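These notes are about the structure you will find just below.
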Amino acid sequence: MAKQHFRLAQTEGIVSQMATQLYAAYITAGKVQENTEDEWMTRAIREAIRISKTVDDEFQSEKEIS
């Protein structure tokens, strides 16, 4: 199998880390059962994106103030 290479933008990497933490929490809580991994992973990604958008809407960074 050929090795895949890809590069995430900084914000994509952060959302990926958030989703990974959420997914790990689902596994630890016993929510992820065999054959439901994709469903829970997708849910974690969607929730990470939703959290990120909410933070962006509610928080004004230093760059946005200038």
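Heads up: the sequence shown begins at 1361 in our numbering, then just goes up one per residue. Built from N, CA and C at the ideal position, the CB exists for glycine as well. In this text the structure is predicted, and so the values were computed from the model without any measurement.
At least 9 Å separates the beta-carbon of isoleucine 1374 from that of serine 1421. The alpha-carbon of phenylalanine 1366 is positioned some 21 Å away from that of glutamine 1381. The three-state secondary structure of lysine 1413, taken from DSSP, is helix. In the displayed model, alanine 1362 falls within coil according to three-state DSSP, outside both helix and strand. Rounded to whole angstroms, the separation of the alpha carbons of tyrosine 1383 and arginine 1406 is 11 Å.
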